[in-house]
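Each residue of the sequence shown is one higher than the one before, counting from 1 in UniProt numbering.
Just so it is clear, CB atoms sit at the ideal spot from N, CA and C, and this is done for glycine as well.
These numbers come from a predicted model, not from an experiment.
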Amino acid sequence: MHFFSFVGVLLICRVSLAGLVLDVSYSGNPAYESAFTGAKATWESLLSGYQDGLITDATINSSYVAGQTISSVFVSASVAPIDNAGSILAQAGPTELALDASGFFLTTDGALTIDSFDVAALHAAGMLESVVTHEIGHILGFGSLWNLNNVYVSGSGEFTGANATAAWQSEFGQLGTPDVELEGGPGTANGHWNEVLNGAALTGITDSLGRDMRDELMTGWANPNSFISDMTVASFVDIGFTATPVPEPSSLLALSAIALFGTARRKGLFRTRSDTTTVA
């Protein structure tokens, strides 16, 4: 298992005013580019655009200014040295933000780096695309923009967005609101769906296909055969996106993590650019 971190249903039925395009500018070995292309395609297939997207304010270096409508999120992606092998494997997060007319804080620009000391092993293990997909989720706002969008209070362990809550109850048969991870330290706590015992055991919370929440892509620890739940997609609706209707089961996009990285426990940690970590 591997430890992820970020820097990062009642679906809204209105027509999206702005489509979502992930403009990923990748610099690195072409052998790894397909992982970034695949992750881009995954999120573009799940999120159709924005509920509003008309920008009223933006950070100084944003690709957008007030009065424009956001359609593309610009992601600078690279394979570059971060540290030595097996420690920090990836880092990602929003770098510039905008506020839209409906009051949602949205990412306009982000950055993602895969550690060049780890990328070959991730690629060989079939893990690279799921890592990139997870990190782009944080760039788009999963965990990283919850507080700004008033769907989470740090330390509470409870995500309060209405759409994700509806999915938590219908998809996983739970009461109350979705549980948020409080373990794992800075960069993992308060930014992922909850697991138990640092991902060491099943949670006992399963969907209709019997998939345990331990294997959900946006938990803090990676596991084999990770999947993206309706709840994760719904959580993006809670922070300003619109979702693409999909057939049951919602995530036909099962992301496999096999062999080397699928069986090892916490060999490396995925940290945001402001975090540091050591091998457990």
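Whole-angstrom C-beta distance between residue j and residue i, which should lie under 8 Å
i	j	result
Pro81	Asp115	7 Å
Gly137	Met218	6 Å
Ala189	Leu182	5 Å
residue 307	Val151	Here the chain has residues from 1 to 280 only, and residue 307 is not among them.
Val132	Ala31	In fact, because the Cβ distance is near 14 Å, the residues do not count as touching under 8 Å.
Leu89	Asp118	5 Å
Leu77	Leu112	Note on residue identity: the sequence assigns Ala, not Leu, to residue 77. With a Cβ gap of about 5 Å, Ala77 and Leu112 count as contacting.
Ser25	Ala243	26 Å between Cβ atoms; not a contact.
Beta bridge counterpart(s) of residue i as assigned by DSSP
i	result
Phe241	Tyr50
Tyr64	Tyr64 pairs with nothing; no bridge assigned.
Phe105	Leu99
Contact set for residue i: own chain, Cβ-Cβ below 6 Å, skip 5 residues either direction
i	result
Glu216	Trp193, Ser229
Ser34	none
Phe74	Asp23, Ser63, Asp109
Ser154	Asn190
Gly184	Gly220
Same chain, Cβ closer than 8 Å to residue i, five either side skipped, listed in chain order
i	result
Leu99	Ile55, Thr56, Asp57, Ala58, Phe105, Leu106
Val21	Glu44, Ser71, Ser72, Val73
As assigned by DSSP and simplified to three states, the class of residue i
i	result
Asn112	Note that residue 112 is Leu in the sequence shown, not Asn. Note: Leu112 maps to strand in three-state DSSP.
Val151	coil
Ser34	helix
Leu182	coil
Ala125	coil
Gly199	helix
> Contact between the region 190 to 210 and the region 237 to 247: three or more CB pairs below 8 Å?
Replying inline: no
>> Check whether the region 122 to 140 and the region 148 to 166 touch, using three or more Cβ-Cβ pairs below 8 Å as the test.
In response: no
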